[in-house]
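Protein chains in written order, with the working numbering: chain G, 1 to 276; chain Z, 1001 to 1327. Some notes on the structure that comes next.
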Amino acid sequence: MIRTELVKMLRRPRTWVSLMLLCGLPGLVAAFLGVTKVAPPAGQGPAFLSAVLSNGTLYPAAALAMVLPLFLPVSVAVVGGDSVAGEAGSGMLRYLLLRPVGRTRLLVAKLAALVGFVLLAVVAVTLSSYAIGIAVFGAKPASAVTGASLVTSMSGTGLTTPQVLLRLACAMLYVGVSMLGVGAIALFLSTVTDSALGAALGALAALVTSQILVSLDAAAAVHPYLPTRYWLAWIDFFRAPVLWHDIQRGLALQAVYVAVFLAAAWANFATRDITN
Amino acid sequence: MIATRGLTKRYGRVVAVRDVDLAVGAGDRFGLLGPNGSGKTTLVRMLLGLVFATSGEIEVMGRPIPRRTGEVLPRVGAMVEGPGAYGHLSGRANLALLDASGPGRGTRRTRRRRVGEALERVGLGGVDDRPVKAYSLGMRQRLGLAAALLHEPELLILDEPTNGLDPRGIREIRDLLRALNEDGTTILLCSHLLGEVEELCTRVGVMDRGRLVLQRDMSDVRALTGRVELRTPDAARVVALLDGRVEHRDGDLLLVRAADAAELNARLVADGLRVTEIRPQRRTLEEVVLSLTGASADRFDRPGAAADARAGTDARADADRTAGELT
Chain G
1 MIRTELVKML
11 RRPRTWVSLM
21 LLCGLPGLVA
31 AFLGVTKVAP
41 PAGQGPAFLS
51 AVLSNGTLYP
61 AAALAMVLPL
71 FLPVSVAVVG
81 GDSVAGEAGS
91 GMLRYLLLRP
101 VGRTRLLVAK
111 LAALVGFVLL
121 AVVAVTLSSY
131 AIGIAVFGAK
141 PASAVTGASL
151 VTSMSGTGLT
161 TPQVLLRLAC
171 AMLYVGVSML
181 GVGAIALFLS
191 TVTDSALGAA
201 LGALAALVTS
211 QILVSLDAAA
221 AVHPYLPTRY
231 WLAWIDFFRA
241 PVLWHDIQRG
251 LALQAVYVAV
261 FLAAAWANFA
271 TRDITN
Chain Z
1001 MIATRGLTKR
1011 YGRVVAVRDV
1021 DLAVGAGDRF
1031 GLLGPNGSGK
1041 TTLVRMLLGL
1051 VFATSGEIEV
1061 MGRPIPRRTG
1071 EVLPRVGAMV
1081 EGPGAYGHLS
1091 GRANLALLDA
1101 SGPGRGTRRT
1111 RRRRVGEALE
1121 RVGLGGVDDR
1131 PVKAYSLGMR
1141 QRLGLAAALL
1151 HEPELLILDE
1161 PTNGLDPRGI
1171 REIRDLLRAL
1181 NEDGTTILLC
1191 SHLLGEVEEL
1201 CTRVGVMDRG
1211 RLVLQRDMSD
1221 VRALTGRVEL
1231 RTPDAARVVA
1241 LLDGRVEHRD
1251 GDLLLVRAAD
1261 AAELNARLVA
1271 DGLRVTEIRP
1281 QRRTLEEVVL
1291 SLTGASADRF
1301 DRPGAAADAR
1311 AGTDARADAD
1321 RTAGELT
């Protein structure tokens, strides 16, 4: 069943269009940077962007920073919101259940497909932007500081290329996990309504609310519980030494969100009348 | 095959299905009739475990639903409220995907063959790879039927299977269902098309406002009324001859109270009266159903419109008479 759901996702034209869009944004930014060579001043604009002009291997990190706040969660919300409600809309939900596919099984398969999509998206963004970064900015630092194969970490010390790649992989996984909270919310809403669009919008509303509250000092008391609170913690992978505190909290928080909303989705879906 | 006891479904204050005791035997061709909104679809969804009953019991193939749905459904083929398909995939890919989703006899080895056979049966054997969104309504309907037939079900539950088909298509589907039934498949057909049920079914149930108001063999329903329909150019003389046994006259068409049409014919001919047509009158399913059911749930009259609707009461009066005889 999980395999069928993955196949189904991969055969959707929409999956590929959203992946192209996700990979297109870093490409566009790289084109502008490559042509003008005007880097944003350090500390402004998306993270890492000021550094990539000197070394292309860091460009995937910059690309993740670009798609993370909006593009990636929007596509995850759309896929998650479509997962059950979309089946209901096409009339296939009842035929899947009559096949029969157990309701719990269907939900688990949908979550698996969602995780698959998130991983695919993050990997696609990373790989495409790595290629773009090398092509546009080159792998060799243009202005070497202390040695040919050193790039500057966020903390100012040098990182070798294998170190960069390892940390990039960790950051990639962390960003993927960060998306699961939104995905689980979308999946839950998807079992509540028969409108895929409604479910996606609901998840986006939760996302926007969370991001606004995170930036609001008055809401500091609830900050640790907001799903987007630790989203930027993946940057800590590029510090030397790696700052684990926020990363660990971020992972735990996402796990809690997934557990809570998946349980809610299951409780709702397993007892619901299918009347679409 | 199917047995329900006191089956009731409430949606808030609305009672969609009320106290239904349905019994469908193995090998039946059961037709479930009723106006729109009478609860047919809700009943079918409960039988399939899609909707949970408020109270009452359901048994399908001797197993309780919804508790043992997983054991029953692999042996059931169903089409509920129109076919479903992924618009961007071809019909063949849709069936293969559906087959791969579930357990049971759907092993991968035989998938291609079974999909091909199912498509062949419903008349889509030569369909190309165009996506389902380019299908006509009739083709979608056939595809939905193919999906229901994919696992050679013992019980086929079909809700309005001929929706969107042309007369030839309807005929094909009817022949197909009959052939399946002869091979041992029990069929439960939901429809508001009386003709369809009358042609196909051996047993009939009628629903009205959530209740199952009739459940009978078709031969009982369509019993003789004890009257003979007679067409004759000598109508006036026949009326004179039969004296009082003619219940109704409309030009040269007479309705005569008589148990035996052959005997009546012999008597008329012996008196030199010509007969163009003669046949024993049977109740039509339409009369029975109209007499047992109220207005469609999709009809909402203005309070003042009752007079306009009264034109229809003559037909209802006829039908009411029929109902009186039936019950």
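We treat Cβ as the ideally placed atom computed from N, Cα and C, and that holds for glycine. The structure presented is a predicted model; accordingly, all values stated were derived computationally and were not measured.
query                                                                                                                                                                                                       : result
What is the DSSP secondary structure of residue 1030/Z, counted as helix, strand or coil?                                                                                                                   : strand
Return the Cβ separation of residue 55/G and residue 137/G in integer angstroms, given the expectation that the two are a contact with Cβ distance under 8 angstroms.                                       : 7 angstroms
Taking CB distances under 8 angstroms as the criterion, tell me whether residue 1259/Z reaches chain G.                                                                                                     : no
Can you tell me which of the three DSSP states residue 40/G falls into?                                                                                                                                     : coil
Mark residue 1055/Z as exposed unless 16 or more other C-beta atoms lie within 10 angstroms of its C-beta, in which case mark it buried.                                                                    : exposed
Between the C-alpha atoms of residue 271/G and residue 1052/Z, what's the straight-line distance to the nearest angstrom?                                                                                   : 8 angstroms
Please tell me whether residue 110/G has its Cβ less than 8 angstroms away from any Cβ of chain Z.                                                                                                          : no
For residue 1217/Z, which of helix, strand or coil comes out of DSSP?                                                                                                                                       : strand
Output yes if chain G places a C-beta closer than 8 angstroms to the C-beta of residue 1101/Z; else output no.                                                                                              : yes
Please go through the same chain and pick out, in chain order, the residues whose beta-carbon is closer than 8 angstroms to the beta-carbon of residue 18/G, but skip the five residues on each side of it. : 75, 78, 79 and 121
Helix, strand or coil for residue 1018/Z per DSSP?                                                                                                                                                          : strand
Is the beta carbon of residue 973/Z less than 8 angstroms from the beta carbon of residue 1221/Z?                                                                                                           : Summary: the structure shown does not reach residue 973/Z, with chain Z confined to residues 1001 through 1327, and so no result is reported for it.
Which of the three DSSP states is assigned to residue 1090/Z in this structure?                                                                                                                             : strand
Just verifying my parser: in three-state terms, what is the DSSP assignment at residue 1206/Z?                                                                                                              : strand
Starting from residue 274/G, find everything on chain C with Cβ-Cβ shorter than 8 angstroms and list it in chain order.                                                                                     : Judged by its chain identifiers, the structure shown contains no chain C, and its protein chains are G and Z.
Please list, in chain order, the chain Z residues whose beta carbon lies closer than 7 angstroms to that of residue 179/G.                                                                                  : Chain Z residues near residue 179/G: none, gap ~25 angstroms exceeds 7 angstroms.
What first and last residue would you give for the alpha helix (DSSP H) that runs through residue 255/G?                                                                                                    : 244 to 270
Closer than 8 angstroms, CB to CB, is residue 1018/Z near chain G or not?                                                                                                                                   : no
Only counting the same chain, and skipping five residues up and downstream in sequence, which positions put a Cβ closer than 6 angstroms to that of residue 83/G?                                           : 110, 187 and 190
Terminal residues of the continuous alpha helix (DSSP H) containing residue 1144/Z?                                                                                                                         : 1137 to 1149
Given a limit of 9 angstroms on CB to CB distance, which residues of the stretch 92 to 124 of chain G reach chain Z?                                                                                        : 92, 93, 94, 95, 96, 97, 98, 99, 100, 101, 102, 106 and 109
Output the boundary residues of the alpha helix (DSSP H) element that contains residue 2/G.                                                                                                                 : 2 to 10
Run through DSSP, which three-state label would residue 1065/Z get?                                                                                                                                         : strand
How would you write the range of the beta strand (DSSP E) that residue 282/G sits in, first residue to last?                                                                                                : As displayed, chain G neither begins before 1 nor continues past 276, which places residue 282/G out of reach and without an answer.
With distances taken from CA atoms, which of 1255/Z, 1079/Z, 1212/Z and 1102/Z is nearest residue 1039/Z?                                                                                                   : 1212/Z
Let's see if you can read the secondary structure: which residues bound the beta strand (DSSP E) around residue 1076/Z?                                                                                     : 1076 to 1079
Under 8 angstroms, Cβ to Cβ, is there at least one residue of chain G near residue 1097/Z?                                                                                                                  : yes
Strictly below 7 angstroms CB to CB, what residues from chain Z border residue 4/G?                                                                                                                         : 1097, 1100 and 1101
With the cut-off set at 8 angstroms, would you say residue 1275/Z and residue 1232/Z are in Cβ contact?                                                                                                     : yes
Could you check what DSSP says for residue 1248/Z in three-state terms: helix, strand or coil?                                                                                                              : strand
Under 8 angstroms Cβ to Cβ from residue 257/G, same chain only, skipping five residues before and after it: list those, please.                                                                             : 180, 181, 184, 185 and 227
Taking all protein chains shown into account, decide if residue 1091/Z is buried (16 or more other Cβ within 10 angstroms of its Cβ) or exposed.                                                            : buried
Please work out which residues of its chain come closer than 6 angstroms, Cβ to Cβ, to residue 1045/Z, disregarding the five sequence neighbours upstream and downstream, and give them in chain order.     : 1051
Just the Cα atoms here: how many angstroms apart are residue 1205/Z and residue 1174/Z?                                                                                                                     : 18 angstroms
Counting only beta-carbon separations shorter than 8 angstroms, does residue 1/G have a partner in chain Z?                                                                                                 : yes
In the DSSP assignment, what are the bridge partners of residue 1009/Z?                                                                                                                                     : 1017/Z
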